[in-house]
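In the numbering used here, the protein residues as written are 273 to 552.
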């Protein structure tokens, strides 16, 4: 069974970073990620591969930037393996990455292509640390990049609406933010990587996925989010995001993601990164 551990960043970085996380596995591993916001991941030991439908980018060997996603990714690790990661909020993407999110949506690249030699130096430093010392190392690294950059209040409004709101229409989403639909769609592409319509669908799926959890003893129809027409509607949506039926997914081993859900909830109060409440 993989060991998955989470830690929160320093308070000043919580509007930018959801969590730091560490995964070790003593045996070959395969699991399926949920759609998520941007992440930075470092390979500490072993060979980790991340493959995503529609993406031919190679998995970065040591330090990788993984853009926001609206579909699953298959993660595999061979033998003794360890990695450490950093989850980014939308504010964090803008300040710490500084590129339009849609250019990286469902993509992955070497972090050094953006952060240069300091990314390589951080990767080397992580190799020499135990997990207990890594959060402080990350805090120092990201605090230096962020500097005194101010938070964008419009991004904060978008994040809050996507996490807290139960919005079902693009019109309602844009109207609640005081924007017209076209402006809202452009802003969502730049900040989150996807149009407002795709984001609302994605958030509905993640909210339902979190509500279902592992309640396999209950009928699926009784657990569905109210904005799904029926069970077949949800199954179609599930296939589009996870590449398989709900039955196949919930009966798969999910050795890493089961543990991650428990530990993430305990540490950060949300089962999945896409429902994380960013500190203001």
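Glycine included, each C-beta is placed from N, C-alpha and C at the ideal position.
Just so we're clear, the structure is a prediction, and the values are computed from it rather than from any experiment.
Rounding to the nearest angstrom, what Cα-Cα distance links residue i and residue j in this structure?
{"i": "residue 335", "j": "residue 519", "result": "34 Å"}
{"i": "residue 474", "j": "residue 480", "result": "10 Å"}
{"i": "residue 608", "j": "residue 507", "result": "Residue 608 lies beyond the range of the chain shown here (273 to 552); nothing can be said about it."}
{"i": "residue 515", "j": "residue 342", "result": "11 Å"}
{"i": "residue 500", "j": "residue 320", "result": "36 Å"}
{"i": "residue 330", "j": "residue 381", "result": "8 Å"}
{"i": "residue 400", "j": "residue 304", "result": "29 Å"}
{"i": "residue 457", "j": "residue 374", "result": "11 Å"}
{"i": "residue 285", "j": "residue 414", "result": "8 Å"}
{"i": "residue 290", "j": "residue 388", "result": "23 Å"}
{"i": "residue 302", "j": "residue 452", "result": "43 Å"}
{"i": "residue 322", "j": "residue 426", "result": "32 Å"}
{"i": "residue 531", "j": "residue 353", "result": "16 Å"}
{"i": "residue 371", "j": "residue 544", "result": "24 Å"}
{"i": "residue 454", "j": "residue 297", "result": "46 Å"}
{"i": "residue 505", "j": "residue 430", "result": "27 Å"}
{"i": "residue 283", "j": "residue 517", "result": "39 Å"}
{"i": "residue 521", "j": "residue 416", "result": "40 Å"}
{"i": "residue 434", "j": "residue 398", "result": "33 Å"}
{"i": "residue 548", "j": "residue 537", "result": "10 Å"}
{"i": "residue 525", "j": "residue 445", "result": "37 Å"}
{"i": "residue 383", "j": "residue 274", "result": "25 Å"}
{"i": "residue 295", "j": "residue 494", "result": "34 Å"}
Since I believe residue j is in contact with residue i (beta carbons under 8 Å), could you give me their beta-carbon distance rounded to a whole number of angstroms?
{"i": "residue 460", "j": "residue 471", "result": "6 Å"}
{"i": "residue 366", "j": "residue 463", "result": "7 Å"}
{"i": "residue 287", "j": "residue 550", "result": "5 Å"}
{"i": "residue 439", "j": "residue 448", "result": "7 Å"}
{"i": "residue 293", "j": "residue 276", "result": "7 Å"}
{"i": "residue 345", "j": "residue 324", "result": "4 Å"}
{"i": "residue 281", "j": "residue 411", "result": "6 Å"}
So the candidates are the options; which of them puts its Cα closest to the Cα of residue i?
{"i": "residue 377", "options": "453, 338, 435, 330", "result": "338"}
{"i": "residue 484", "options": "468, 466, 503, 467", "result": "503"}
{"i": "residue 432", "options": "313, 283, 546", "result": "546"}
{"i": "residue 355", "options": "328, 333, 541, 315", "result": "315"}
{"i": "residue 340", "options": "328, 349, 333, 465", "result": "465"}
{"i": "residue 409", "options": "523, 384, 357", "result": "357"}
{"i": "residue 533", "options": "482, 444, 524", "result": "482"}
{"i": "residue 385", "options": "537, 397, 369", "result": "369"}
{"i": "residue 559", "options": "525, 436, 523, 397", "result": "Since the first residue of the chain shown is 273 and the last is 552, residue 559 is not available in this structure."}
Which same chain residues end up closer than 8 Å to residue i when comparing Cβ atoms and leaving out the 5 residues on each side of it in sequence?
{"i": "residue 552", "result": "Its pLDDT being 45, under 50, residue 552 is placed unreliably by the model, and the measurement read from it follows with that caveat. Cβ neighbours of residue 552 beyond the five flanking positions: 287, 423, 428."}
{"i": "residue 347", "result": "301, 302, 303, 304, 305, 320, 321, 322, 528"}
Looking only at its own chain, which residues have a Cβ that is under 7 Å from the Cβ of residue i, when we skip the five neighbours before and after it?
{"i": "residue 326", "result": "378"}
{"i": "residue 556", "result": "In the structure displayed, the chain extends from 273 to 552; residue 556 sits before or after that span and is not available."}
{"i": "residue 351", "result": "300, 318"}
{"i": "residue 535", "result": "276, 277, 278"}
{"i": "residue 492", "result": "503, 518"}
Nearer than 6 Å: is that true of the beta carbon of residue i relative to any heavy atom of the ligand PLP?
{"i": "residue 281", "result": "The ligand content of the structure shown is nil, which means the ligand PLP is not present either."}
Leaving out the 5 sequence neighbours to the left and right, which residues in its chain are closer than 6 Å to residue i when beta-carbon positions are compared?
{"i": "residue 469", "result": "442"}
Self-check item: Touch test, the segment 398 to 410 against the segment 496 to 511, Cβ-Cβ under 8 Å, three pairs minimum
Solution: no
Exercise. Spell out a yes or no on whether the segment 384 to 402 and the segment 419 to 431 are touching, meaning 3 or more CB-CB pairs, one atom from each, closer than 8 Å.
Key: no
Practice problem: State whether the segment 294 to 312 contacts the segment 356 to 366, with contact taken as three or more CB pairs (one from each stretch) at a distance under 8 Å. | Solution: Yes, they touch.
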